[in-house]
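**Student:** Heads up: the sequence shown runs through residues 29 to 469, numbered per our numbering. Where is the CB? At the ideal position from N, CA and C, for every residue including glycine.
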Amino acid sequence: MKKKELLRQLNNLQNQIKPDQVWKEKGREVLYAQITAQTSSISPKILSRSISNKILISVLRPVSVSLAIFIAIVGVWVAGVSATRNSLPGDLLYGLKLTGERLQVNLALSDEKRTDLEIAFAEIRLNEVKEVMNKTKDKEQVAVSLKKFQESMTNVKSNLAKLEMTDKDKALKVAKVVDEKSKIYTDLLREENIVSNKNTSEAIVISKATGDKALSVILKEFETGNSTTNLEEIKSKLIVRIEDLREDSALAQKNIETIIVNKAKAEVLAKAEAEAHAKAEAEAKAKAEEDAQLKAEAEAKAKAEGESLIEETTADNVNAQPTSLPVKEQPSGTNANVNINTNINAEVLPEDTAMPKAEEVLPKIDEVKNNPAEVEKLLIKAEDFLKSNSVSQAFEQVRQADILLNILNKVINANGQYLETPEETVAADTETDAKEEEGGV
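1. Count the other CB atoms, across all protein chains shown, that sit within 10 Å of the CB of glycine 334; report buried if there are 16 or more and exposed otherwise.
2. Could you check which residue in Leu120, Pro450, Ala280, Lys263 has the C-alpha nearest to that of glutamate 402?
3. Once the 5 residues before and after alanine 278 are set aside, which same chain residues still bring their CB inside 8 Å of it?
4. Give the straight-line distance between the Cα atoms of aspartate 272 and serine 264, rounded to the nearest whole angstrom.
5. Can you find the residues in the same chain that come closer than 7 Å, C-beta to C-beta, to asparagine 437, ignoring five residues on each side of it along the sequence?
6. Roughly how far, in whole angstroms, is the beta-carbon of lysine 196 from the beta-carbon of glutamate 249, given that I think they are within contact range, below 8 Å?
7. Can you name, in chain order, every residue of its own chain whose Cβ lies under 8 Å from the Cβ of glutamine 17, other than the five neighbours on each side?
8. Rounded to whole angstroms, what's the CA-CA distance from serine 244 to threonine 194? Just pull it up for me.
9. So for alanine 292, helix, strand or coil by DSSP?
10. Of the residues Ile232, Phe177, Ala189, Ala148, which one's Cα is nearest the Cα of asparagine 15?
11. Taking the Cβ atom as the reference point for each residue, do isoleucine 284 and lysine 211 lie within a distance shorter than 8 Å?
12. For the 8 Å Cβ check, are there 3 or more pairs between the stretch 135 to 146 and the stretch 181 to 195?
13. Just checking my contact of threonine 286 with leucine 447 at CB under 8 Å: how many whole Å lie between their CB atoms?
14. For glycine 128, which of helix, strand or coil comes out of DSSP?
15. How about lysine 241 and leucine 188: are their beta carbons less than 8 Å apart?
16. Please report the residue range of the alpha helix (DSSP H) in which glycine 239 lies.
17. Could you give the distance in angstroms between the alpha-carbon of glutamine 226 and the alpha-carbon of glutamate 251?
18. Suppose contacts are defined by Cβ-Cβ distances below 8 Å. Is phenylalanine 423 in contact with leucine 191 by that definition?
19. Using the C-alpha atoms, what's the distance from glutamate 261 back to asparagine 417?
20. Alpha carbon to alpha carbon, how far is lysine 163 from glutamate 317? Give it in angstroms, no decimals.
21. Would you say leucine 116 and glutamate 179 are within 8 Å of each other, going by their C-beta atoms?
22. Considering only residues of the same chain and omitting the five flanking positions on each side of leucine 390, which have a CB-CB separation below 7 Å?
23. Assign glutamine 321 to one of two classes, buried (16 or more other C-beta atoms within 10 Å of its C-beta) or exposed (fewer than that).
24. Since serine 180 is in the alpha helix (DSSP H), which residue starts that stretch and which ends it?
25. Do phenylalanine 177 and alanine 150 have their CB atoms nearer than 8 Å?
26. In this structure, how does DSSP classify alanine 215 when only helix, strand and coil are distinguished?
27. Just how far apart, CA to CA, sit leucine 174 and threonine 449?
28. Could you tell me how far apart the beta carbons of serine 138 and leucine 247 are, in whole angstroms, since I believe they sit closer than 8 Å?
29. How about isoleucine 140 and valine 202: are their beta carbons less than 8 Å apart?
30. In terms of residue numbering, what span does the alpha helix (DSSP H) encompassing valine 403 cover?
31. Taking only the alpha-carbon atoms, compute the straight-line gap between alanine 310 and isoleucine 288 and give it to the nearest angstrom.
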């Protein structure tokens, strides 16, 4: 049967069926009763939850999409930061590595967490220094990591001070970690495979200062009775500091003696070199004067011979017009040079000329050569205080000794060129000058 024929018959059948009106109304009532019964069986709580879920889904759907995008971006960022983990100063990704670390610090929710991160990043910087020294020994790359190490340790010290004001229990907990880590970091900086320069010395100073801040927090809590650290632990920490300062002081004493000896040698060599140059200049001047004298005598002789020839010619030619030699003109540039020099000498610097920024004024080496002896006196006092269990007084003596030693090390760094024996170049320069003179002759 075709489709059109089937549709035609169905339409005819629909026209022929005419249900009774009473039957239609009864069927409508039965259907309504069934719907009502089913609806009433659903609790209002379930019904409202269903409606709320639908509304919540419709509202959160765009939010979930944005959140998914954010998570994807963060995932890419974390993957990028992970890829930079082994990068070193000078590498293309090193800047991204530092930026990722700063982002972690800024997103940290407490000073305690920020301090933990800064301590970890400080250790990463020291590992970078060691790796650079093992690979390229590039001093500029080492300086970058050391500067960043100083920044992290400075932040540790600052965060610890904030915690001390807000939460002493957390401050004490962090201080114990910082005290241990700063000792490890200071020892790493003292190692021979880390280049010794100004940046290293500054990094050691900041590391020790951060450790001293941590120890001061521990001491304060110990004295108030709020610390679980016992007296022997604190005394042990101070004894370690005293031993380290003695070792540093002995090294500083050795460096001072080396600088004084080499500086004296350098001054003798510089004096000899100046005398050699002065002698060479005097000889050159004497030779120039001798050459000028010979030239003047030659010119006078030539002039006399020329005048004699003129007189003879005049006698032979009585009717001839007398001739005269042209007058030698002075170079036109002579007066101009004098004026130029006069103008140069007459120039005056403007009053508002910017003066160079004043650098830190350090004492001379002779003024601090006795600092190691003063350091030893302070350390002996510290040991005496420890014997009587006066840990705070002992700590103060240690701090004073550390300050003296820091000043001494700054002076040593400023005179670092004298830590190596100066080369005796005067004799070699004199021989070279002699050869050049022989070659010129």
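**Tutor:** So, from the data block:
1. Along the sequence shown, one-based indexing puts residue 334 at 306. Exposed, by the Cβ-count rule.
2. What you label residue 402 is simply residue 374 of the sequence shown in a count that begins at 1. Out of Leu120, Pro450, Ala280, Lys263, Ala280 has the C-alpha closest to the C-alpha of glutamate 402.
3. The residue you call residue 278 lines up with position 250 of the sequence shown. So the qualifying residues of the chain are Pro400.
4. By 1-based counting over the sequence shown, the position of residue 272 is 244. By 1-based counting over the sequence shown, the position of residue 264 is 236. C-alpha separation (whole angstroms): 13 Å.
5. Taking the first residue of the sequence shown as position 1, residue 437 is located at position 409. Sequence-distant partners of asparagine 437 (beyond 5 residues in either direction) whose C-beta falls short of 7 Å from its own C-beta, in its chain, are Ser229, Ala280.
6. Looking up residue 196 in the sequence shown gives position 168. Looking up residue 249 in the sequence shown gives position 221. 7 Å between Cβ atoms; contact.
7. Residue 17 lies beyond the stretch modelled for the chain, which goes from 29 to 469, so this question has no answer here.
8. As a working note, residue 244 is residue 216 in the sequence shown. As a working note, residue 194 is residue 166 in the sequence shown. Serine 244 and threonine 194 have their C-alpha atoms spaced approximately 16 Å apart.
9. Translated into the one-based positions of the sequence shown, residue 292 becomes position 264. Helix.
10. Residue 15 lies beyond the residue range present for the chain, which begins at 29 and ends at 469; the question has no answer from this structure.
11. Indexing the sequence shown from 1 puts residue 284 at position 256. Indexing the sequence shown from 1 puts residue 211 at position 183. In this structure, lysine 211 does not lie closer than 8 Å to isoleucine 284 by Cβ.
12. With the cut-off at 8 Å, the stretch 135 to 146 and the stretch 181 to 195 touch.
13. As a position in the sequence shown, residue 286 is number 258, starting the count at 1. As a position in the sequence shown, residue 447 is number 419, starting the count at 1. Contact holds; Cβ gap of about 6 Å.
14. Indexing the sequence shown from 1 puts residue 128 at position 100. DSSP places glycine 128 in helix when its eight states are reduced to three.
15. The residue you call residue 241 lines up with position 213 of the sequence shown. The residue you call residue 188 lines up with position 160 of the sequence shown. In this structure, leucine 188 lies closer than 8 Å to lysine 241 by Cβ.
16. Looking up residue 239 in the sequence shown gives position 211. First-last of the alpha helix (DSSP H) with glycine 239: 226 to 252.
17. By one-based count along the sequence shown, residue 226 stands at place 198. By one-based count along the sequence shown, residue 251 stands at place 223. Checking the displayed sequence, the identity of residue 226 turns out to be lysine instead of glutamine. Each residue's Cα considered, the two are about 37 Å apart.
18. By 1-based counting over the sequence shown, the position of residue 423 is 395. By 1-based counting over the sequence shown, the position of residue 191 is 163. Between phenylalanine 423 and leucine 191, the gap from beta carbon to beta carbon reaches 8 Å or more.
19. Counted from its first residue, the sequence shown places residue 417 at position 389. Counted from its first residue, the sequence shown places residue 261 at position 233. When rounded, the distance between both Cα atoms is 12 Å.
20. In the sequence shown, residue 317 corresponds to position 289, counting from 1. In the sequence shown, residue 163 corresponds to position 135, counting from 1. Rounded to whole angstroms, glutamate 317 and lysine 163 show a C-alpha spacing of 60 Å.
21. Locating residue 116 in the sequence shown gives position 88, counting from the first residue. Locating residue 179 in the sequence shown gives position 151, counting from the first residue. Cβ atoms of leucine 116 and glutamate 179: not closer than 8 Å.
22. For the purposes of this step, residue 390 is identified with residue 362 of the sequence shown, where counting begins at 1. Answer for leucine 390: Lys438, Val439, Ala442, listed in chain order.
23. If you number the sequence shown from 1, residue 321 lands on position 293. Glutamine 321 is exposed by the Cβ-count criterion.
24. For this step, residue 180 is matched to residue 152 along the sequence shown. 167 to 194 is the extent of the alpha helix (DSSP H) around serine 180.
25. Residue numbering aside, residue 177 sits at position 149 when the sequence shown is read from its first letter. Residue numbering aside, residue 150 sits at position 122 when the sequence shown is read from its first letter. Yes, the Cβ-Cβ distance between phenylalanine 177 and alanine 150 is below 8 Å.
26. The residue you call residue 215 lines up with position 187 of the sequence shown. Checking the sequence, you will find aspartate at residue 215 rather than alanine. In the displayed model, aspartate 215 falls within a helix according to three-state DSSP.
27. Here the question's residue 174 lines up with position 146 in the sequence shown. Here the question's residue 449 lines up with position 421 in the sequence shown. The straight-line gap from Cα to Cα measures roughly 28 Å.
28. The residue given as residue 138 occupies position 110 in the sequence shown. The residue given as residue 247 occupies position 219 in the sequence shown. That pair is no contact at about 24 Å.
29. By one-based count along the sequence shown, residue 140 stands at place 112. By one-based count along the sequence shown, residue 202 stands at place 174. It should be noted that the sequence gives glutamate, not isoleucine, for residue 140. In this structure, the beta-carbon distance from glutamate 140 to valine 202 falls below 8 Å.
30. Here residue 403 refers to the residue found at position 375 when the sequence shown is read from its first residue. Following the DSSP letters along the chain, one finds valine 403 inside the alpha helix (DSSP H) bounded by residues 399 to 415.
31. Within the sequence shown, the letter at position 282 stands for residue 310. Within the sequence shown, the letter at position 260 stands for residue 288. For alanine 310 and isoleucine 288, the distance between alpha carbons rounds to 33 Å.
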